[in-house]
Amino acid sequence: MVALGRMGEASLPFLKEVLTGGSLLERKLIMATLPHATTKKANQLFKLGLRDPHPEIRLNAIATFRYLSPALKPYQKKFKKLIKRLLKKETQPDVIVGGSLIP
34 MVALGRMGEA
44 SLPFLKEVLT
54 GGSLLERKLI
64 MATLPHATTK
74 KANQLFKLGL
84 RDPHPEIRLN
94 AIATFRYLSP
104 ALKPYQKKFK
114 KLIKRLLKKE
124 TQPDVIVGGS
134 LIP
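What follows is the structure, encoded as structure tokens:
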């Protein structure tokens, strides 16, 4: 999966498909690709991860925030605002705690 993340835009349709319909493990692996993303369009994957129905994926997306690739660094402020906004509706304690640790 990391290699797919490094492929850039060509891999995004596949990664998005897996993130929206794959198993829990596959979706976790997609979040693990984000620190290696080479295209700013990978921000879509980060946003999908933050809104995933499973709390483990949301928590993984939040954890990934600290390790954004250079391609995603320009979105850091927007991502931080999005995380803070989504945390207001979050019900899972571990996701809330993880999000509250973002500086």
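Letter by letter, the sequence shown follows residues 34 to 136 in the working numbering.
Even glycine gets a Cβ: it sits at the ideal position worked out from N, Cα and C.
Quick caveat, the model's predicted, so the values are computed rather than measured.
Considering only the alpha carbon of each residue, which of the options lies closest to residue i?
i      : options                          : result
ALA94  : LEU62, GLY55, GLY54 and LEU45    : LEU62
SER44  : LEU58, LEU57, SER56 and GLN77    : GLN77
LEU105 : LEU67, ASP127, LYS117 and MET40  : LEU67
LEU92  : GLY54, PRO103, PRO126 and THR71  : PRO126
GLY55  : PRO86, THR72, LYS73 and LYS74    : PRO86
THR72  : PRO88, LEU101, PHE112 and VAL51  : LEU101
HIS69  : PRO103, SER133, LEU52 and TYR108 : PRO103
Answer with buried or exposed for residue i, where buried requires no fewer than 16 other C-beta atoms within 10 angstroms of its C-beta.
i      : result
THR124 : exposed
PHE47  : exposed
LEU57  : exposed
ARG60  : buried
ARG118 : exposed
Considering only the beta carbon of each residue, do residue i and residue j sit closer than 8 angstroms?
i      : j      : result
PHE98  : ILE135 : yes
LEU115 : LEU83  : yes
ALA96  : GLY131 : yes
Task: alpha helix (DSSP H) runs contained entirely in the segment 73 to 115, provided each spans 4 or more residues - done: The qualifying runs are 76 to 83 and 88 to 98.
TODO: Counting only runs of 4+ residues fully inside the segment 40 to 79, write out the alpha helix (DSSP H) ranges in chain order.
DONE: 45 to 54 and 57 to 66, all fully within the segment 40 to 79.
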